[in-house]
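In what follows, a structure is listed as C-alpha cells, so that the remarks can point back to it.
Numbering (the numbering used here), first residue to last: -12 to 467.
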C-alpha cells in the first residue's frame, strides 16, 4: 500500500489515502535489491530491545568438571548421575560429543535440538542474552525396552543421513553436537510425562553450562540487535503459530525462565491450548521449548523457534507493523479444536489487524484446526496466508473458501514425511514467499489457485520471482 497522510493543506484537514500497489490479476513486481535506507523514525517506535551475543565455542569435551575456558566447554561426566534424579521416569542418561567430521554414527531417534543460551541481563525478550555459537545439544531417547520415543515416523539411523543440517531447527554444518541420550521408563514413551522427563533431565545439564556461560567473557563473533517495533500507519499483522497440544508426546513449554529452558515455563496443554500472545523478541529469545515428537521432517525443534524465519522476516519488514506472535495449541478432540479456534478468531478481531500468517507443524489431525483458524480470520475479513507441509502425503482433507493463499514447506522429492529431522519446516525461502503473498493479498492482488496436486515447479517459479534459489529436494534421504 502507498499511504498518504496530510495533516493540513489549504481547506483539507486530516486527509488520508491508501492506494493499492498493482491491480487485481496483476502480480506485484519485486524490484532488485537496493542499498538499505534508514527507516523513517516518524513511524517507528521501539518498544524494547534484545541483544543476543554469540560467544565463540571451538571445542567440547567430557571431563571432570563443568567449565568454559578459551572457547572450550568441558562437561563433568558425572553430572548425568545428578541430572537423572530430576525425574523418576528417566532411568539413565549418557553424554557424548559428535564433531562435524564424525557424523556418520548411529543415533537413536532425535527428540530435539536445543541451543545453549542464557540471560545475563533482563527477562526473556529484552536485555542481554548470551548464545554459545558453534555447539548445540541433541536429545535422543528410547524406553527401557528399546522402543524409540517417537510418534509418526522415527529418525534413528546414521546421523549424517537423518538431519537436514543448516535448517533453522537443526545443527548447522560446522556445529559440534553434544548428544544427550535418555532411557525412560518402559511404556511411557507415548505419554506426556515420559518424554518430558528426558527433556527435564537434559535441561539440568544445560543449566550447568548456562551458569558457566553467564560469567564467561569469551570472543563475541556476532551480536544481534532484536527490536520489538511498532510501525504506525503500516498494515497491522500477526503471526499465528499452531503448535502441538494433543497430549501424549504433543506439548511445548512456554516462557521458561531461561532461553530454551524448562523451569519456570508452562505447558500449552495445561493452559488449555488457548491462544497465547508473545512478542517477537520473546520468541527470538527462546520462549518456546519444543517437547513434540511428531514426524521428524515436519517437527519444529527448540532451535527452530529461537531463530524462526517468519518472525525474523516479519519483524525486519519496514512495510509491515508486526503486532505479535500468537501461539495456539492443537487439541486432540474436535469439540476442543473448534472451541480453541473460536478463541483465536475473537483475539484476531480484537487486535484489529490487517492481515495474518498462520502456520502449523506436522500434518493430518492438526490440519483440522489449521483450516478452522484460517476460516476464523477469513470470515472476519482478515486477509490470511496459510503455511504448512502438505505435498503428497499431507494433502489437506478439509478446507474452506478462505484457504486460497497457501505456502508449501515440503522438501522431499516424493512429497512424504521422510524421517529426516527438520527437513520440511519453515525456511527463509518459505518465509519470504509467505510474507510476499500476504502483502499481495492485502493489496487485493489476485492469487492463482494452487494445482490439485503438489508441484515443486510452482514453488520454484515463485522463488524465481523473489530472487530466491531453487528449492533443493531430498531424494531417499539424499540431497537432490
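We put the CB at the ideal spot given by N, CA and C, even for glycine.
Starting from residue i, trace the beta strand (DSSP E) in both directions and tell me its first and last residue.
i           : result
residue 42  : 31 to 43
residue 239 : 239 to 241
residue 137 : That residue, residue 137, is in no beta strand (DSSP E); it is neither H nor E in DSSP.
residue 82  : 77 to 85
residue 122 : 122 to 130
Can you give me the C-alpha to C-alpha distance between residue i and residue j, rounded to a whole angstrom?
i           : j           : result
residue 203 : residue 245 : 17 Å
residue 72  : residue 53  : 18 Å
residue 33  : residue 217 : 6 Å
residue 377 : residue 63  : 44 Å
residue 462 : residue 441 : 16 Å
residue 285 : residue 339 : 31 Å
residue 113 : residue 107 : 10 Å
residue 370 : residue 243 : 33 Å
residue 294 : residue 207 : 18 Å
residue 194 : residue 57  : 20 Å
residue 550 : residue 324 : Nothing about residue 550 can be read from this structure; the chain reaches only from -12 to 467.
residue 287 : residue 337 : 28 Å
residue 17  : residue 453 : Confidence at residue 17 is low in this model, with a pLDDT of 48, below 50, so the placement of that residue should be treated as unreliable; the coordinate-derived value is given next. Distance between the alpha carbons of residue 17 and residue 453 is about 6 Å.
residue 101 : residue 162 : 12 Å
residue 173 : residue 132 : 6 Å
Measure the Cβ-Cβ separation of residue i and residue j and say whether it is below 8 Å.
i           : j           : result
residue 386 : residue 363 : no
residue 297 : residue 222 : no
residue 154 : residue 409 : yes
residue 200 : residue 103 : yes
residue 42  : residue 82  : no
residue 229 : residue 360 : yes
residue 390 : residue 373 : yes
residue 169 : residue 126 : yes
residue 314 : residue 271 : no
residue 160 : residue 87  : yes
residue 429 : residue 341 : yes
residue 166 : residue 249 : no
Give the DSSP-derived three-state secondary structure of residue i in the structure shown.
i           : result
residue 271 : helix
residue 322 : helix
residue 411 : coil
residue 376 : coil
residue 444 : helix
residue 495 : An answer regarding residue 495 cannot be provided, because it is not within the stretch -12 to 467 covered by the chain.
residue 309 : strand
residue 328 : helix
residue 317 : strand
residue 177 : coil
residue 226 : strand
Can you tell me where the alpha helix (DSSP H) with residue i in it begins and where it stops?
i           : result
residue 362 : 352 to 365
residue 104 : Where residue 104 is concerned, there is no enclosing alpha helix (DSSP H), although the beta strand (DSSP E) it sits in stretches over 104 to 108.
residue 298 : 296 to 303
How many whole angstroms separate the CB atoms of residue i and residue j, which I take to be in contact at a CB cut-off of 8 Å?
i           : j           : result
residue 184 : residue 80  : 10 Å between Cβ atoms; not a contact.
residue 468 : residue 98  : Coverage of the chain is limited to positions -12 through 467, which leaves residue 468 absent and any answer about it impossible.
residue 317 : residue 260 : 7 Å
Measuring from the CB of residue i, is there a heavy atom of the ligand FAD at a distance below 7 Å?
i           : result
residue 431 : You won't find the ligand FAD in this model; it holds no ligand whatsoever.
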